[in-house]
Structure formats: structure tokens, C-alpha cells
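Numbering (numbering that gives the first Met the number 0), first residue to last: 0 to 272. Ideal placement from N, C-alpha and C gives every residue a C-beta, glycine not left out.
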Amino acid sequence: MTFINKLNAAWASNDSLLCVGLDPDMDKLPAQFRNQPNGIYEFCKEIIDATADLACSFKPQIAYFAALGAERQLEDICAYVRENYPHIPLVMDAKRGDIGATARQYAREAYDRYGADAVTVNPYMGFDSVEPYMEWADRGVIILCRTSNAGGSDLQFLDVGGKPLYQHVAGLVANKWNANGQCALVVGATFPEELAQVRAIVGDMPLLVPGIGAQGGDIAATVNAGRTAAGTGMMINSSRAILYAAPKAGEDFAAAARRVAEETRDAINQYRK
Numbered sequence: 000m001t002f003i004n005k006l007n008a009a010w011a012s013n014d015s016l017l018c019v020g021l022d023p024d025m026d027k028l029p030a031q032f033r034n035q036p037n038g039i040y041e042f043c044k045e046i047i048d049a050t051a052d053l054a055c056s057f058k059p060q061i062a063y064f065a066a067l068g069a070e071r072q073l074e075d076i077c078a079y080v081r082e083n084y085p086h087i088p089l090v091m092d093a094k095r096g097d098i099g100a101t102a103r104q105y106a107r108e109a110y111d112r113y114g115a116d117a118v119t120v121n122p123y124m125g126f127d128s129v130e131p132y133m134e135w136a137d138r139g140v141i142i143l144c145r146t147s148n149a150g151g152s153d154l155q156f157l158d159v160g161g162k163p164l165y166q167h168v169a170g171l172v173a174n175k176w177n178a179n180g181q182c183a184l185v186v187g188a189t190f191p192e193e194l195a196q197v198r199a200i201v202g203d204m205p206l207l208v209p210g211i212g213a214q215g216g217d218i219a220a221t222v223n224a225g226r227t228a229a230g231t232g233m234m235i236n237s238s239r240a241i242l243y244a245a246p247k248a249g250e251d252f253a254a255a256a257r258r259v260a261e262e263t264r265d266a267i268n269q270y271r272k
């Protein structure tokens, strides 16, 4: 099954546009996991089990694992998702950007080593930095377009032939780069007007949308700007707000994460139709 087919199926089966980000921070992990040799794996496994029926995708951020020397645990986490929730797309958030043989190694890392269904990439070096990923014709290539950080405007709003660079990137991906039909774009929830403009350019292409939760993006504005006519088209990511949700009376960390994930999924669904 291709990335796009799996994503379409997950939107339907879980009635969800919520992407659960996996960003393990040792300073925020519950105490019982901090001194375990496989504590990151065990923590993420609990989060995955608690939220799998509420999510349309899981998104590990590779830097959080690599900084801790936890790539083997990341491999095990990815294997756990593939074995236990094979219908949920696994998005490797790596934001790689290089050319030729080096880009091909990054693609092997994401698709072969980790078994990801899709990977985020940076288009700054042009199509030959993206093309090697397309050798895996069934896998997703999610290209940075209009990012959620304020500094993204330093480059993404530069004028390119009468339109901002992010719109030029959206048009390139939609009209020239998407030969396999497995491309998507990263567009932040913190800029709903730009999100709507990207949606108008790319049609029904999926959008990975960071910026709600801890980053403060407005859910109603995000969904209204980015949904397709079918009420899908987005993976709206929340990481820290779910992973490190404060437990209420009688809850452990996993129950708190599930509660916040369910609240977020339901809040998104209010505006889908």
C-alpha cells in the first residue's frame, strides 16, 4: 500500500486528522523511564498504544532520538508501529536536504532502516535533492513549504516572479515534482491565511500541519483553511501537548496523553465538514 493510500485509509478508519508527534525529552519523561536502558522506547510505546485509535499518523522527530544516542530505540519504535498498527502511517520527521548520493543515503535511512512511510525533506537545494527519495515509488516525500516558525518568513516570503517563495515551492511540487503521486507539503498552523493559499494551489495534496498545541496554532482557523472538500487532506501534528499532558486525578501519563489526544481529535473534527 502506498503512503497516500494508507493515509486515506487512516483518515477514514480513525475519523481523525490528528498526527501524534514523538519527541522524547529526557527532562520531561516520567521519572520511571529516565534511568531505563530502553526508557525512550517504553515511553513511546505507551504513548502509541494510548493514542493509536485517535491518530491518522505517528511522527517521530529524529533529532530527539539522535541527540540521546537512541537510534536503536527509534528503530524498535518504528518496528513496533509497523507490527502492531500497520494501518497507521509512520512519518519520519528529518527535514533532510542534500543532493545525489548523499540524499539517497538519507532516503535509505528513512525508508529502509526505519521503515517509514514518509519523510520530511528540505527543498532549498532543488529537485535533485528530492528526486532520490522518489526511487521508493510507494513512499511519501513531505516537502517544507510554509513552516510554522516566525523566522520562516526570512526566506519563504521572498518575491519569486511576483509571488512569495513558499507559493512557488507549492506550485513546483504540485505541478512538476509529484511524479509518483506521493508528495505532501509542510505548512504551519500558525499562518492560516498562507495555509489556505497553499491549499488553493495544490488541490487535494496532503499537508503536514505543525503548530497547534504548544505552538499555539488555532484549530478552527487551521481546519477551515486547510481541509479538502472531503474534510480530510491534513495531518495536524501535536507533540508536546500530548506527550507531556498533565495527569488529572486517577490518571497516569498515558491516560493523560490519551485524554488530550482525544480532545484534540474531537476539536479538529468539529470543523471538518
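Per-residue DSSP class, three states only, for residue i
i, result
"residue 94", "strand"
"residue 191", "helix"
"residue 206", "strand"
"residue 111", "helix"
"residue 185", "strand"
"residue 55", "coil"
"residue 217", "coil"
"residue 175", "helix"
"residue 223", "helix"
"residue 158", "strand"
"residue 163", "strand"
"residue 60", "strand"
N-terminal and C-terminal residue of the alpha helix (DSSP H) that residue i is part of
i, result
"residue 154", "152-155"
"residue 44", "38-50"
"residue 117", "Residue 117 -> not in any alpha helix (DSSP H); beta strand (DSSP E) instead, spanning 117-120."
"residue 76", "70-83"
"residue 269", "No alpha helix (DSSP H) contains residue 269, which DSSP labels as neither H nor E."
"residue 231", "Here residue 231 belongs to no alpha helix (DSSP H), and DSSP marks it neither H nor E."
"residue 105", "99-106"
Residue i versus residue j: straight-line alpha-carbon distance, rounded
i, j, result
"residue 253", "residue 37", "17 Å"
"residue 234", "residue 224", "13 Å"
"residue 161", "residue 171", "15 Å"
"residue 249", "residue 255", "10 Å"
"residue 198", "residue 66", "34 Å"
"residue 96", "residue 13", "32 Å"
"residue 16", "residue 58", "13 Å"
"residue 151", "residue 1", "31 Å"
"residue 86", "residue 149", "34 Å"
"residue 31", "residue 158", "51 Å"
"residue 39", "residue 111", "21 Å"
"residue 195", "residue 169", "12 Å"
"residue 167", "residue 49", "39 Å"
"residue 52", "residue 75", "20 Å"
"residue 176", "residue 126", "7 Å"
"residue 242", "residue 181", "29 Å"
Endpoints, the beta strand (DSSP E) within which residue i is located
i, result
"residue 11", "That residue, residue 11, is in no beta strand (DSSP E); its alpha helix (DSSP H) goes 2-12."
"residue 16", "Unbroken run through residue 16: none, as it is neither H nor E."
"residue 142", "139-145"
Own chain residues within Cβ distance below 6 Å of residue i, not counting five before or after
i, result
"residue 56", "18, 88, 90 and 234"
"residue 143", "121 and 185"
"residue 238", "20 and 22"
"residue 60", "22 and 92"
"residue 230", "271 and 272"
"residue 131", "102, 103 and 106"
"residue 7", "none"
Contacts around residue i, its chain only, beta-carbon distance under 7 Å, and the 5 residues preceding and following it disregarded
i, result
"residue 190", "145"
"residue 133", "140, 178 and 179"
"residue 278", "The shown model of the chain, from 0 to 272, leaves out residue 278, and the question about it has no answer."
"residue 136", "179"
"residue 45", "253"
Close-in-space but distant-in-sequence residues of the same chain around residue i (CB under 8 Å, 5 per side omitted)
i, result
"residue 94", "119, 120, 121 and 143"
"residue 311", "Lying outside 0 to 272, the shown extent of the chain, residue 311 is not represented and no answer is given."
Start-end ranges of the alpha helix (DSSP H) lying completely within the region 234-263, minimum 4 residues: With a minimum length of 4 residues, the continuous alpha helix (DSSP H) runs that stay inside the region 234-263 are 239-242.
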